[in-house]
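Taking our numbering, the leading residue of the sequence shown gets 1, the next gets one more, and so forth. C-beta: ideal position from N, C-alpha, C; glycine also. These notes concern the structure reproduced below.
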Amino acid sequence: MPRGKVCRCNYGGRFANAVLPKEAIEEVLRGKSSIFIGYTSEPHLRKRIRLIDSRVDSSRPRPHRLAICVSPIMQLAAWVLLPRFFEASSYVSFVKMWILHGATKFYAMVQSMTSEFDAMLRIYENDPTIDIERIPWGMLPTDEDVDSENNPNNQIIGAEQTLSLNDCLLRSRSSAEYVATVDYDEIFVVRNNSTLLELLDSFNSDDSDTSAFVFRSSFVFYDVKMNLSTSDQTPFIRHPSDLSFYPLRNVSLENEIYPTGSRTKVILRPEMTKSVGVHMPRDMEDEKYKTVVVDPAVALIFHLRLVDNPLGFRNNSLPNYELNKYIAQWEKQYRERIDAETKRMEKEKVRGNRITVANKEWPNRSHQTAQDMQNCASKYYLADETCTAYAKCFPNITAVRMDEWIFGESTTVVL
1 MPRGKVCRCN YGGRFANAVL PKEAIEEVLR GKSSIFIGYT SEPHLRKRIR LIDSRVDSSR
61 PRPHRLAICV SPIMQLAAWV LLPRFFEASS YVSFVKMWIL HGATKFYAMV QSMTSEFDAM
121 LRIYENDPTI DIERIPWGML PTDEDVDSEN NPNNQIIGAE QTLSLNDCLL RSRSSAEYVA
181 TVDYDEIFVV RNNSTLLELL DSFNSDDSDT SAFVFRSSFV FYDVKMNLST SDQTPFIRHP
241 SDLSFYPLRN VSLENEIYPT GSRTKVILRP EMTKSVGVHM PRDMEDEKYK TVVVDPAVAL
301 IFHLRLVDNP LGFRNNSLPN YELNKYIAQW EKQYRERIDA ETKRMEKEKV RGNRITVANK
361 EWPNRSHQTA QDMQNCASKY YLADETCTAY AKCFPNITAV RMDEWIFGES TTVVL
């Protein structure tokens with residue numbers, strides 16, 4: 001988003017550095033002491049904060065080769081997107097010695113989602129071969145009677161996406177060799193015969209000081225029609241078992257490849273990186289560390305939105321069949337996953353009021369919610385002197401009542 005649009009908002013995330021004695025850190029991590037934050041002028045109002053140990057232990061390998069940092073789950077109902085995200089991430093990233101599980105760690109920042117999105121996320125959480133860590137990313141706490149003008153959540157861009165990605169980057173330091181910063185509607189397509197991890201490793205073998213890999217992107221378009229095998233039918237799906245990857249055989253790829261820094265996404269070596277933006281790396285731990293912009297002829301991000309982005313150009317696109325090489329495997333993985341989840345529920349006799357695969361029909365508010373959000377965000381984006389805060393758009397989402405949202409816990413410390 002252009003900087004001028006961001007500057008119309010009153011609040012934004014910031015980082016602070018503090019130097020603590022090693023002995024004090026160990027005491028806190030062992031639970032024998034606590035760490036507090038507060039104002040020196042009001043020490044009686046200090047608040048306890050949690051200390052997370054993400055230091056790299058060079059004596060042991062990290063448990064994951066590739067971790068995924070996803071932009072905050074914010075006003076999301078699009079459960080039909082999750083299989084594309086997870087199956088694609090695991091397949092295009094696989095290493096031969098593993099079985100289709102290159103990306104094995106996922107960080108999910110949770111601000112707000114519907115019950116059906118939560119249900120689909122739980123299906124993947126039940127897979128023992130991947131690790132999904134939900135991180136509470138709730139809205140800023142306010143008084144119940146706060147008006148819209150004084151609500152700080154209405155003065156923040158998109159759940160503070162940049163701050164969330166940097167939070168995730170720091171968490172991943174001790175757990176992964178590489179960390180990708182992506183959205184749920186993006187697929188990395190490797191265009192040569194290597195896998196994504198093999199591609200990253202090849203860059204590192206050429207230069208071990210490469211710390212960031214920037215991937216350019218293009219929008220992908222598909223037709224939405226009922227009862228047509230060549231079209232995308234996600235608006236009409238009423239159960240996870242109905243979802244198929246085969247409609248992605250026939251898509252159109254925008255002719256434009258966006259320039260570096262615009263709609264690009266980044267894969268990082270986290271221990272070398274101090275901070276990252278949404279589309280580009282920012283600061284490295286050492287000046288010698290380098291950034292590589294990957295040639296789009298080698299790898300490109302396919303941006304598959306549920307609804308057309310007004311900045312994309314459907315009329316300037318051509319048929320593309322590059323996803324075909326993945327589809328059969330995605331379909332196989334997904335069918336096995338749904339079958340396994342069904343059998344697990346039958347075996348464990350899972351009961352409760354939450355939506356599961358045992359429900360004959362799921363709500364599908366994916367497209368309507370996405371369209372309402374885009375219309376609302378575009379309105380604020382184009383308005384003068386108005387912050388494009390997505391929190392303002394809750395009343396504009398007609399398909400989901402306010403009491404139907406599942407909100408992430410607020411972990412904000414208010415002084």
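Around the C-beta of residue i, are 16 or more other C-beta atoms found within 10 angstroms, so that it is buried, or is it exposed?
i: M402; result: exposed
i: V19; result: exposed
i: G261; result: exposed
i: E285; result: exposed
i: H44; result: exposed
i: V190; result: buried
i: F215; result: buried
i: T412; result: exposed
i: T104; result: buried
i: H239; result: exposed
i: I37; result: exposed
i: A78; result: buried
i: L300; result: buried
i: Y184; result: buried
i: T264; result: buried
i: E254; result: buried
i: T398; result: exposed
i: G352; result: exposed
i: D372; result: buried
i: K360; result: exposed
i: E409; result: exposed
Can you tell me whether DSSP reads residue i as helix, strand or coil?
i: I157; result: coil
i: K360; result: coil
i: L304; result: coil
i: I406; result: strand
i: M280; result: coil
i: A212; result: strand
i: A297; result: coil
i: R269; result: coil
i: L195; result: Here the sequence assigns Thr to residue 195, which means Leu is not the residue at that position. In this structure, T195 counts as coil in the three-state DSSP scheme.
i: E125; result: helix
i: P259; result: coil
i: V190; result: strand
i: L318; result: strand
i: E336; result: helix
i: K105; result: strand
i: R416; result: Because residue 416 is not part of the residues shown, which for the chain are 1 to 415, the question remains open.
i: L178; result: Sequence inspection shows Tyr at residue 178; the Leu mentioned does not correspond to that position. It is a strand residue.
i: I355; result: coil
i: E254; result: strand
i: E341; result: helix
i: V220; result: strand
i: E285; result: coil
i: E348; result: helix
i: T80; result: It should be pointed out that residue 80 corresponds to Val in this sequence rather than to Thr. Helix.
i: E144; result: coil
i: I132; result: strand
i: N234; result: Here residue 234 is Thr; the residue named in the question, Asn, does not match the sequence. Reduced to three states, the DSSP call for T234 is helix.
i: M373; result: helix
Between residue i and the rest of its own chain, which residues show a CB-CB distance below 8 Å, the 5 nearest in sequence each way excluded?
i: V56; result: R62, R173, S174 and E271
i: E404; result: T114 and S115
i: L243; result: V80, P83, T234, I237 and Y334
i: K22; result: none
i: S148; result: N154 and K392
i: T230; result: Because the pLDDT of T230 is 48, which lies under 50, any placement of that residue in the model is unreliable, and the number read from its coordinates should be weighed accordingly. D223, P247, R249 and N250, listed in sequence order.
Among the residues of its own chain, which have a CB less than 7 Å from the CB of residue i, if the five just before and after it don't count?
i: T162; result: G13, G277 and V278
i: T210; result: F203, N204, K290 and V292
i: D207; result: K290
i: L169; result: C69, V179, L268, P270, T273 and V276
i: W330; result: E87, A88, Y91 and F245
i: S34; result: V28 and R48
i: M345; result: T356, V357 and A358
What residues in its chain sit with their C-beta under 6 Å from that of residue i, if we drop five residues either side in the sequence?
i: P152; result: Y11 and L140
i: Y380; result: T386 and T388
i: E133; result: Y107
i: L51; result: V28 and I35
i: R305; result: D185
i: G4; result: Its pLDDT being 49, under 50, G4 is placed unreliably by the model, and the measurement read from it follows with that caveat. For G4, where only same-chain residues beyond five positions count, there are no Cβ hits under 6 Å.
Does residue i get closer than 7 Å to chain B when you measure Cβ to Cβ?
i: A77; result: Checking the listed chains, one finds no chain B in this structure; it contains a single protein chain.
If we require 4 or more residues per run, which alpha helix (DSSP H) segments fall completely within the segment 2 to 76?
Entirely contained in the segment 2 to 76, the alpha helix (DSSP H) runs reaching 4 residues are, in chain order, 3 to 6 and 22 to 29.
Should the segment 249 to 256 be regarded as contacting the segment 152 to 163, the criterion being three or more beta carbon pairs within less than 8 Å?
Per the Cβ contact rule, the segment 249 to 256 is not in contact with the segment 152 to 163 (fewer than 3 Cβ pairs under 8 Å).
Below 8 Å, can you find three or more Cβ-Cβ pairs linking the segment 315 to 325 to the segment 199 to 209?
Counting C-beta pairs with one atom in each stretch, the segment 315 to 325 and the segment 199 to 209 have fewer than three that are closer than 8 Å, which means they do not touch.
With three or more beta-carbon pairs closer than 8 Å as the criterion, would you say the segment 334 to 343 touches the segment 365 to 375?
The answer is no - the segment 365 to 375 does not touch the segment 334 to 343, with fewer than three Cβ pairs under 8 Å.
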